[in-house]
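Residue numbers (this note's numbering): 367 to 605.
All residues carry an ideal CB built from backbone N, CA and C; glycine is no exception.
Worksheet: the structure to be examined is printed underneath.
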Ligand SMILES: [Ca+2]
Ligand SMILES: [Ca+2]
Ligand SMILES: [Ca+2]
Ligand SMILES: [Ca+2]
């Protein structure tokens, strides 16, 4: 019984490892065997498969298209802003002429089609100078209908607010707020501190959940419909 269970689990892991290995090979440099096969079937797809990463750029920006699953169609799009850095300001290079500029690019947006249906499901927005880009917002289409259902806001690498449309009707109904605090072990920890919910879908918040050290301690409700909590219930046993 146990042996059979572990056997099937091992096979599953092996299959998973294989899938990951082959997809990263395609994303990296591509295998010549696969390219030959594709070339016989579709020369255009073969040309794309040979270059899983395609870059286009002009004076103001650049776009990088990446074909993750090797079907010849890009699934990841990276948009860059081009930044001219005077050579003096960049790392000193004696061979370059005075007044010359080093062109650097900063990632501003990343779009991902995670289910390979040619529709973007995740859009990430970045801010910061080249090499120091930080994720500030992430929009996700969780049910693949083309409409954003989740927006995550970040500050210094930590999520601060998650907006969710759990009803999938195009309206946010859940707001989760996070705060960076110090844990019992003295290390920084980013924790959920408050969750606001619109439970009846009228666009107004009616339930407020308050969290301490990640645990729900108090629930506030709006009973008179003014959009403010007026009744509180403690759920942690304290008075
Ligand atoms: Ca693809
Ligand atoms: Ca998609
Ligand atoms: Ca959606
Ligand atoms: Ca409501």
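Assigned with DSSP and collapsed to three states, residue 561 falls in strand. In the three-state scheme derived from DSSP, where H, G and I count as helix and E and B as strand, residue 580 is classed as coil. Here the alpha carbons of residue 557 and residue 518 stand approximately 14 Å from one another. Taken from the Cβ of residue 596, every heavy atom of ligand 4 lies 7 Å or farther away. Taking C-alpha positions only, residue 589 is separated from residue 521 by approximately 34 Å. Take residue 536, set aside five residues on each side of it, and the residues of its chain with a beta-carbon closer than 8 Å to its own are 513, in chain order. Not a single heavy atom of ligand 2 lies less than 7 Å from the C-beta of residue 475.
Excluding its 5 nearest sequence neighbours in each direction, residue 494 has C-beta neighbours in its own chain below 7 Å: 472 and 500, listed in chain order. Taking C-beta atoms as the reference points, residue 562 and residue 584 fail to come closer than 8 Å. In the three-state scheme derived from DSSP, where H, G and I count as helix and E and B as strand, residue 514 is classed as coil. Between the alpha carbons of residue 549 and residue 579 lies a distance of about 8 Å.
Residue 439 has its CB nearer than 7 Å to a heavy atom of ligand 1. Ligand 2 has a heavy atom closer than 7 Å to the beta-carbon of residue 480. Residues 447 and 448 of the same chain have their beta carbon placed closer than 8 Å to that of residue 426, with the five preceding and five following residues left out of the count.
Note on geometry: alpha-carbon atoms of residue 507 and residue 515 lie some 5 Å from one another. By the neighbour-count criterion, in which a residue is buried when 16 or more other Cβ atoms sit within 10 angstroms of its Cβ, residue 423 is exposed.
Secondary structure note for residue 490: its beta strand (DSSP E) is the uninterrupted segment 488-493. Taking every protein chain shown into account, the CB of residue 452 has fewer than 16 other CB atoms within 10 angstroms, so this residue is exposed.
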